[in-house]
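Novice: Before we start, here is the structure in question, set down as structure tokens.
There are 2 protein chains.
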Amino acid sequence: MPAYTPPLRDMQFVLHEVFNVADEFKAMPKHAEVDVDTINAVIDEAGKFAAEVTFPLNMSGDEEGCTLDKTTHEVTAPKGFKQAYEKFVEGGWPALSCDPEYGGQGLPFVLNQCLYEMLNSANQAWTMYPGLSHGAYEALHAYGTDEQKKTYLGKLTSGEWTGTMCLTEPHCGTDLGMLRTKAEPQADGTYRITGNKIFISAGEHDMAPNIVHLVLARLPDAPKGSKGISLFAVPKYHVKADGSLGERNPIFCSGLEHKMGIHGNATAQIVIEGAIGTMVGEPNKGLQAMFVMMNAARLGVGNQSLGLTEVAFQNALAYAKDRIQMRSLSGVKAKDKEADPIIVHPDVRKMLLTAKAFAEGGRALQIFCTLLLDKEHNHPDEKVRKESGELVALLTPIVKAFITDNGHIATNACMQVFGGHGFIKESGMEQFVRDNRINMIYEGTNTVQSLDLLGRKVLANNGASLRKFGKLVAKLVEEEGVNEKMAEFINPIAGLGDQFTKFTTEIGFKGLQNPDEVGAAAVDYLRVAGHFVFGYLFARMAQVALREIAAGNTDPFYVAKLQTARFYFAKLFPETAALMRTARAGAKSLMDTDAALA
Amino acid sequence: MPAYTPPLRDMQFVLHEVFNVADEFKAMPKHAEVDVDTINAVIDEAGKFAAEVTFPLNMSGDEEGCTLDKTTHEVTAPKGFKQAYEKFVEGGWPALSCDPEYGGQGLPFVLNQCLYEMLNSANQAWTMYPGLSHGAYEALHAYGTDEQKKTYLGKLTSGEWTGTMCLTEPHCGTDLGMLRTKAEPQADGTYRITGNKIFISAGEHDMAPNIVHLVLARLPDAPKGSKGISLFAVPKYHVKADGSLGERNPIFCSGLEHKMGIHGNATAQIVIEGAIGTMVGEPNKGLQAMFVMMNAARLGVGNQSLGLTEVAFQNALAYAKDRIQMRSLSGVKAKDKEADPIIVHPDVRKMLLTAKAFAEGGRALQIFCTLLLDKEHNHPDEKVRKESGELVALLTPIVKAFITDNGHIATNACMQVFGGHGFIKESGMEQFVRDNRINMIYEGTNTVQSLDLLGRKVLANNGASLRKFGKLVAKLVEEEGVNEKMAEFINPIAGLGDQFTKFTTEIGFKGLQNPDEVGAAAVDYLRVAGHFVFGYLFARMAQVALREIAAGNTDPFYVAKLQTARFYFAKLFPETAALMRTARAGAKSLMDTDAALA
Chain F
1 MPAYTPPLRD MQFVLHEVFN VADEFKAMPK HAEVDVDTIN AVIDEAGKFA AEVTFPLNMS
61 GDEEGCTLDK TTHEVTAPKG FKQAYEKFVE GGWPALSCDP EYGGQGLPFV LNQCLYEMLN
121 SANQAWTMYP GLSHGAYEAL HAYGTDEQKK TYLGKLTSGE WTGTMCLTEP HCGTDLGMLR
181 TKAEPQADGT YRITGNKIFI SAGEHDMAPN IVHLVLARLP DAPKGSKGIS LFAVPKYHVK
241 ADGSLGERNP IFCSGLEHKM GIHGNATAQI VIEGAIGTMV GEPNKGLQAM FVMMNAARLG
301 VGNQSLGLTE VAFQNALAYA KDRIQMRSLS GVKAKDKEAD PIIVHPDVRK MLLTAKAFAE
361 GGRALQIFCT LLLDKEHNHP DEKVRKESGE LVALLTPIVK AFITDNGHIA TNACMQVFGG
421 HGFIKESGME QFVRDNRINM IYEGTNTVQS LDLLGRKVLA NNGASLRKFG KLVAKLVEEE
481 GVNEKMAEFI NPIAGLGDQF TKFTTEIGFK GLQNPDEVGA AAVDYLRVAG HFVFGYLFAR
541 MAQVALREIA AGNTDPFYVA KLQTARFYFA KLFPETAALM RTARAGAKSL MDTDAALA
Chain D
1 MPAYTPPLRD MQFVLHEVFN VADEFKAMPK HAEVDVDTIN AVIDEAGKFA AEVTFPLNMS
61 GDEEGCTLDK TTHEVTAPKG FKQAYEKFVE GGWPALSCDP EYGGQGLPFV LNQCLYEMLN
121 SANQAWTMYP GLSHGAYEAL HAYGTDEQKK TYLGKLTSGE WTGTMCLTEP HCGTDLGMLR
181 TKAEPQADGT YRITGNKIFI SAGEHDMAPN IVHLVLARLP DAPKGSKGIS LFAVPKYHVK
241 ADGSLGERNP IFCSGLEHKM GIHGNATAQI VIEGAIGTMV GEPNKGLQAM FVMMNAARLG
301 VGNQSLGLTE VAFQNALAYA KDRIQMRSLS GVKAKDKEAD PIIVHPDVRK MLLTAKAFAE
361 GGRALQIFCT LLLDKEHNHP DEKVRKESGE LVALLTPIVK AFITDNGHIA TNACMQVFGG
421 HGFIKESGME QFVRDNRINM IYEGTNTVQS LDLLGRKVLA NNGASLRKFG KLVAKLVEEE
481 GVNEKMAEFI NPIAGLGDQF TKFTTEIGFK GLQNPDEVGA AAVDYLRVAG HFVFGYLFAR
541 MAQVALREIA AGNTDPFYVA KLQTARFYFA KLFPETAALM RTARAGAKSL MDTDAALA
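Sequences listed follow chains F and D, in order.
Under UniProt numbering, the letters of the first sequence match residues 1 to 598, in that order.
Under UniProt numbering, the letters of the second sequence match residues 1 to 598, in that order.
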């Protein structure tokens, strides 16, 4: 059975020592009171909740899955899920970073990020129930009418009700322009919605008395394609003027998907049979509102893989120290034992360190990005807000795709450390692999993320956002360029930085002649960009560690951090060499293949 | 629901056009009659069996799994498995490459290889039942007494009975030196065996009336470690002198593992409670006999992933042509449709071509290697036999690890082509990923394979075997070095060949000073070696294709082959650049990490 310990020390290191978040919050009137002690108290309690309440339900939830009663259309979540959710609501966790106007605690997104990392480590399937609600909250908060806000935001903030995103239909996922669900305007200003949705996460369950579905649909006179899509709030139960529940709205779960992983989350097929909803935002501009949810969801998906990477690492490390098998190639290490613990073997260490570096790099990136989100929303200086927003937009596809791909590599490596025992369900390791697998797919496949990054976030603005990130790197290189001890961390990113600009320009030029060149390079490009960002963050973490050690701090944490950073630059970062080579090989070998793909 | 078409055309291409196996067989008295027509007839029938009999049971077997009756210790395989196995036996398939002395058909291993590729595509879990028998057959054939051969080989050849390899115990897998199962000599020359085994594939089932377990155990006076292990044949039911079944031997299934994949195969916990067995081979030399099984099994595991790569590719290709979503970046392609089929997108093509190249490269390697095995066993020239054996030994860890790692990449890529639908069980794609995952682990993890390759097969004989393979490459480079059309295929392998020798020498020198350097480089080394071999094979395939096209052959198959080879060299082969870089980064960043891995 796996174990989980909240990684509070590393979280605190990134929050306080690398990014000095409390200082940053001082500059934001809304968060000026959020000091180090408050932050530490919150993440400490959050960690306890994850480790003690939802983690014990992870394997049982996977085994049991969700059950649909085909007569009532009601879904029962795995045993214990409902009770854990009640505790979550009682603890006030859904409200953590919500707007105080609707009962929220108004704390920074960074804290919510840390809470969710640990919830995802503990139980991704469970965490998706409150996680999806948050997307609905954000969309309604940004685009809802006063009436909608009054009706829904309080309940979503408290967690009393949950929310969903009803986007996908059987024939369209990435290409929402093709969606067919219809919304007929009614005399009273509401809409009657009819259609079929699939893959609706947390789409139906028994954990809350009401579910607020945010549904994409077309008005009768809507233009074709993605410019004719509107967004609607469609509650499972109508809400009376006094806030109590009224009649059942005909938006039903007609089936549950049988999936590779996240069995504890109900992935629902939804039939909408003339359900009544209200429009969110403007007619035909539903995708705009949807993207508020989607961008939050994309950061959230990266966070899911961060959580799984961390918990997989912890368990593989414990196993590698405990399991004895063979002797070290460089001589017996555990003389009193029949064999050495497998952690003596270089490749076992490589697998462990890969997961550790991906967890620590991912955590730094998630916190870096969410702090920018806090600045985007709450910094008093408009220029800071704008620039932070640009960087968040640039980093979002990297967070989503790079961290989830890394999660795939890491969870598989950690499972591999267990040998045959990793393939057995009892070890818990194969569940991490299965659960992580969806993260590379949903909320826009990782290919879609790479096109978003290269096409929209980099080339469309001639690299302006990328240059902003490049300035941060340049600043660090400048600061530390003469520090010999930092050379091993600075040289690789300075080197890649030079190449990366040239690489980007090259693809841009090729793309002007043939847009398929962008599509051919995008996935490799995103991974290079991911390493550029990770390299920067590892250099910053090494900078702090070196400073502490130089100041006489003997906490082995700092030595560990340097070792992980060295490993990262020696064994993971050099992947960029091959990626740039294959990207440069261009589109021809992909597109001139009609015979091969006949 | 997935589909499967036996890849007969590509198999025939590799067999007849690349390796001219029928000509090779003419030189082997035992196989001199095996001509092209015979070969084609056999693989055609084999393909029909796989596609029509076992493939339809693949998903249902996964869903149902195996059932253990805890009272009788009997295991029931999924519905239809027994009937399919009966048909397999009726068809004479188990006997295909077995010794005619025991009722076998005596056909080349190459044919058995092709049969099993298709069986693995169709249903890996089912295929492991006859597959495991073959290992037992080989060990008994090589080391059994006349009595043992008489008792068992006929039944294993006909497939009437099946066999297992009982190696692993709860505390030891890789490190068999630690095993504890005991064998007490009895007055009548038999042994009474007691112990616990785990992870025994096909360890108990209802598909055959008897199971011949080959069990590793220790004699009472055995030396410690791996030099004190003996091998025993322990039948489920004793065999009377007339060949009929006698009493039940107390070797029981005490539990079945719940696994990530291969649910249709019974992975048994086996309790041996004083079961009677006979020794196979000499006392304390059981590992020698075991390695006969193991080497065959390692080639077989590579073949499992080859099969899964092929079937995953076929289904992803069909989906990519059918599923419409978004428009091509370079302009609308399917004007009559609401969107373009996703095969227009460069990255979708990249995922498909990755799987295709890994399937075609893997098929060429498996057939290349199995033809060498035929030569090793049946060539009249002793020098050819010896050299072929050396090459098989060199290639075995590459076949096992490179093809299974590629299978992981390929099945995941093919699943990704399906987007969200790939995560749903109904598509069948996620089963290919789960089934493939064990192939990277069992019969020696891929790390163990890499140590076998670099330590034992390369460095231990100062690169002698590797140089033999290098000569084949050099010969091709010499033949085609002036052929301009071949330059794009020859240059990369000539270049890598030069670097690879230097690379090997470097690691050898570093390893002399610190053996952990070998362990640190081995996994990267194996992947470079794998590409060196694939590069050679793709160049040979391209050579044939170019020759046919030059001769006016208009079969689009040859154009397709060239396109796949070009893709391989442009997008997959360059991985070697990063692998050599990370291998060269050495052991330090892995081993100086005690704080990081505390």
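We treat Cβ as the ideally placed atom computed from N, Cα and C, and that holds for glycine.
Residues of the region 549-578 of chain F in Cβ contact with chain D at a cutoff of 7 Å, in chain order, please.
Specialist: Answer set for the region 549-578 of chain F: 556, 559, 560, 563, 564, 566, 567, 570, 571, 574, 575, 577 and 578.
Novice: Which two residues bound the contiguous alpha helix (DSSP H) that contains residue 599 of chain F?
Specialist: Within the shown structure, residues of chain F are numbered from 1 to 598, placing residue 599 of chain F beyond reach of any answer.
Novice: What's the call for residue 462 of chain D, buried or exposed, on a 16-neighbour Cβ count within 10 Å?
Specialist: Residue 462 of chain D is exposed by the Cβ-count criterion.
Novice: In chain D, what lies closer than 9 Å to residue 518 of chain F by C-beta?
Specialist: Per Cβ cutoff of 9 Å: 329 and 346.
Novice: Of all the options F/370, F/427 and F/439, which has the alpha carbon lying nearest to the alpha carbon of residue 403 of chain F?
Specialist: The option with the nearest alpha carbon to residue 403 of chain F is F/439.
Novice: Out of F/536, F/263, F/510 and F/290, which one is the CA nearest neighbour of residue 127 of chain F?
Specialist: It is F/263 whose Cα lies nearest to the Cα of residue 127 of chain F.
Novice: Under 8 Å Cβ-Cβ, which residues of chain D neighbour residue 514 of chain F?
Specialist: Near residue 514 of chain F (Cβ distances below 8 Å), the residues of chain D are 330.
Novice: How should residue 518 of chain D be labelled, buried or exposed, when 16 other C-beta atoms within 10 angstroms of its C-beta is the threshold for buried?
Specialist: By the 10 Å Cβ count, residue 518 of chain D comes out buried.
Novice: If you draw a straight line from the alpha carbon of residue 42 of chain F to that of residue 111 of chain F, how long is it in whole angstroms?
Specialist: Each residue's alpha carbon lies about 8 Å from the other.
Novice: Counting contacts by CB-CB distance shorter than 9 Å, is residue 491 of chain D in contact with chain F?
Specialist: No, because no Cβ of chain F sits closer than 9 Å to the Cβ of residue 491 of chain D.
Novice: Taking all protein chains shown into account, decide if residue 209 of chain F is buried (16 or more other Cβ within 10 angstroms of its Cβ) or exposed.
Specialist: Answer is exposed; the Cβ neighbour count stays below 16.
Novice: Which ranges would you report for the beta strand (DSSP E) in the region 1-81 of chain D if only whole runs of at least 3 residues count?
Specialist: The region 1-81 of chain D contains these whole beta strand (DSSP E) runs: 67-69 and 74-76.
Novice: Assign residue 523 of chain F to one of two classes, buried (16 or more other C-beta atoms within 10 Å of its C-beta) or exposed (fewer than that).
Specialist: Label assigned to residue 523 of chain F: buried.
Novice: Let's see if you can read the secondary structure: which residues bound the beta strand (DSSP E) around residue 207 of chain F?
Specialist: Where residue 207 of chain F is concerned, there is no enclosing beta strand (DSSP E), given that its DSSP letter is neither H nor E.
Novice: Roughly how many whole angstroms lie between the Cα atoms of residue 306 of chain D and residue 313 of chain D?
Specialist: Spanning the two alpha carbons is a distance of roughly 11 Å.
Novice: State the start and end residues of the unbroken beta strand (DSSP E) segment that holds residue 517 of chain F.
Specialist: It is not in any beta strand (DSSP E) - residue 517 of chain F instead sits in the alpha helix (DSSP H) that spans 516-550.
Novice: Comparing C-alpha positions only, which one of F/479, F/343 and F/472 sits nearest to residue 594 of chain D?
Specialist: Per the Cα distances, F/343.
Novice: Could you name each continuous beta strand (DSSP E) segment of 3 residues or more that falls completely within the UniProt domain "Acyl-CoA oxidase/dehydrogenase middle" (165-273) of chain F, going from the start of the chain to the end?
Specialist: Entirely contained in the UniProt domain "Acyl-CoA oxidase/dehydrogenase middle" (165-273) of chain F, the beta strand (DSSP E) runs reaching 3 residues are, in chain order, 182-185, 191-201, 211-217, 230-235, 237-239, 245-248 and 251-256.
Novice: Terminal residues of the continuous alpha helix (DSSP H) containing residue 464 of chain D?
Specialist: Element bounds for residue 464 of chain D: 464-480.
Novice: At the 9 Å Cβ level, is residue 114 of chain F part of the contact set with chain D, yes or no?
Specialist: It does not: the Cβ of residue 114 of chain F has no partner Cβ on chain D nearer than 9 Å.
Novice: Going by the beta-carbon positions, is the gap between residue 436 of chain F and residue 304 of chain F smaller than 9 Å?
Specialist: Cβ atoms of residue 436 of chain F and residue 304 of chain F: closer than 9 Å.
Novice: For residue 473 of chain F, count neighbouring Cβ atoms within 10 angstroms of its own Cβ and tell me buried if that reaches 16, exposed if not.
Specialist: With 16 or more Cβ atoms within 10 Å of its Cβ, residue 473 of chain F is classed as buried.
Novice: Hey, out of D/258, D/351, D/587 and D/495, whose CA is closest to residue 591 of chain F's CA?
Specialist: Of D/258, D/351, D/587 and D/495, the residue nearest in Cα terms is D/351.
Novice: Who are the near neighbours of residue 543 of chain D in its chain, counting only those whose CB is closer than 6 Å to its CB and skipping five residues on each side?
Specialist: Cβ within range, chain order: n/a, list empty.
Novice: Go ahead and pull the three-state DSSP assignment for residue 337 of chain D.
Specialist: If DSSP states are grouped into helix, strand and coil, residue 337 of chain D belongs with coil.
Novice: Just the chain F side, please: which residues come within less than 9 Å of residue 353 of chain D by C-beta, in chain order?
Specialist: Result: 589, 590, 593, 596 and 597.
Novice: Checking the sheet assignment: what are the DSSP bridge partners for residue 403 of chain F?
Specialist: According to DSSP, residue 403 of chain F bridges with nothing at all.
Novice: For a contact defined as C-beta to C-beta under 7 Å, what are the partners of residue 175 of chain F on chain D?
Specialist: Result: 325, 326 and 339.
Novice: From this set, D/489, D/548 and D/521, which residue's C-alpha is nearest residue 539 of chain D's C-alpha?
Specialist: Measuring from the Cα of residue 539 of chain D, the nearest candidate turns out to be D/489.
Novice: Could you check which residue in F/357, F/59, F/22 and F/108 has the C-alpha nearest to that of residue 564 of chain F?
Specialist: Taking only the C-alpha atoms, the option nearest residue 564 of chain F is F/357.
Novice: Counting only beta-carbon atoms, is residue 164 of chain D nearer than 9 Å to chain F?
Specialist: No, residue 164 of chain D does not count as interfacial toward chain F.
Novice: Quick one: Cα of residue 365 of chain F to Cα of residue 165 of chain F, how far?
Specialist: Roughly 26 Å between the two C-alpha positions.
Novice: Just checking: is the beta-carbon of residue 419 of chain F within a distance shorter than 9 Å of some beta-carbon in chain D?
Specialist: So yes, residue 419 of chain F belongs to the interface.
Novice: At least one CB of chain F closer than 9 Å to the CB of residue 366 of chain D: is that the case?
Specialist: Taking Cβ atoms only, chain F never reaches closer than 9 Å to residue 366 of chain D, which makes this a no.
Novice: Is any beta-carbon of chain F found at less than 9 Å from that of residue 215 of chain D?
Specialist: Answer no: the Cβ-Cβ gap between residue 215 of chain D and chain F never drops below 9 Å.
Novice: In the DSSP assignment, what are the bridge partners of residue 277 of chain F?
Specialist: F/191, per the DSSP bridge assignment.
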